[in-house]
Amino acid sequence: MKGSSVRPSAGRSLKTAPKTRSKAAPASADIGLQARKSQATQRAVLEATIRCLVEHGYTNTTMESIAKSARISRGAIMHHYASRADVIACTADYLATLRLDEFSKGVCAKVAQEVGVQAPTLHSFRRSAELVMQYYERPSFTALHELLVAARTDRSIAPLMKRIEKRINRQMLSLVVEYLPYWENLPATESVLVDLLHFLSRGVAMSQTNKLERERQHALLDLLATVAYERFQADSQNSRGRAAG
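So the sequence shown is numbered by my numbering: it starts at 3 and just counts up by one.
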């Protein structure tokens, strides 16, 4: 991400410290302050870009709209980012990290805390399905989805989004095993059930004009939990049978 290097303020060299301060303190204090301001500005730009993607879509997410949402000047943005493409690329990486953090804390950690880390039950699968569905209702998914859809026709971001999607999918599986270690012995089952939960939840989340009523959503989650539980049970028995044989 651009803007991580620290520049001295205009008209003052880092070596020209006021005489009323110690020789070492001004440079380190100024650099620390500038670094914090730089990081705060960059974060404001990335958060504003996410809001613009959610509210206006990819095409209408311009430098002007980002500056307005972040409440900073376009010049301040250009100090840290070379172009709109640079902002989009950094936002995509930021979104990947954000989505993985939300999955870790909002899904995996909650399942482990609420239902334990022993072999899953029908209840734990039902809770997992509910949390995954909520995970795809977050603004971060809407913003990421805007970029993924745009990558279909915008070749400038297609390689970037392909890399981002692979990163998220790969690390999601690692997080599941990290928090719920019983999946380590059934990697194929874990993979197919994660795909089932995630792709179905993504489809529901993308249906902006056809929201499921609460009763239909609950019925869908019940079905998902039942299918996942039965698949886990069957594959676990088969795995134990192969180990015994």
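By construction, the Cβ of each residue, glycine as well, lies at the ideal position given by its N, Cα and C atoms.
Shown here, V178 sits in a helix according to DSSP, grouped into three states.
As the crow flies, the alpha-carbon of S158 is around 26 Å from that of S75. Secondary structure note for L222: its alpha helix (DSSP H) is the uninterrupted segment 216-246. Taken through DSSP and simplified to helix, strand or coil, D156 comes out as coil. Note that the region 122-131 does not touch the region 77-94; fewer than 3 beta-carbon pairs, one per stretch, sit closer than 8 Å. With respect to the C-alpha of M163, the residue from I90, G243, S130 having the closest C-alpha is I90. With contacts defined as CB atoms closer than 8 Å, L226 and A131 qualify as a contacting pair.
Counting C-beta pairs with one atom in each stretch, the region 55-63 and the region 31-42 have fewer than three that are closer than 8 Å, which means they do not touch. Nearest Cα to D103 within the set Y83, R140, R129, A84: R140. Membership of K112 in the alpha helix (DSSP H) is indicated by the continuous run 111-117. Look at R76 here: in three-state DSSP terms it is helix.
For L100, same chain residues with a beta-carbon under 6 Å away, outside a window of 5 residues either side, are S142 in chain order.
With contacts defined as CB atoms closer than 8 Å, A114 and Y184 fail to qualify as a contacting pair. The closest CA to that of K39, considering only H82, S238, I52, A221, is found on H82. For E132, the enclosing alpha helix (DSSP H) has its first and last residue at 124-137. DSSP, read as helix, strand or coil, puts N62 in coil. For the pair S106 and M65, the Cα-to-Cα distance works out to about 32 Å. Residue range 86-105 is occupied by the alpha helix (DSSP H) that includes Y96.
Between the alpha carbons of R204 and N240 lies a gap of roughly 30 Å.
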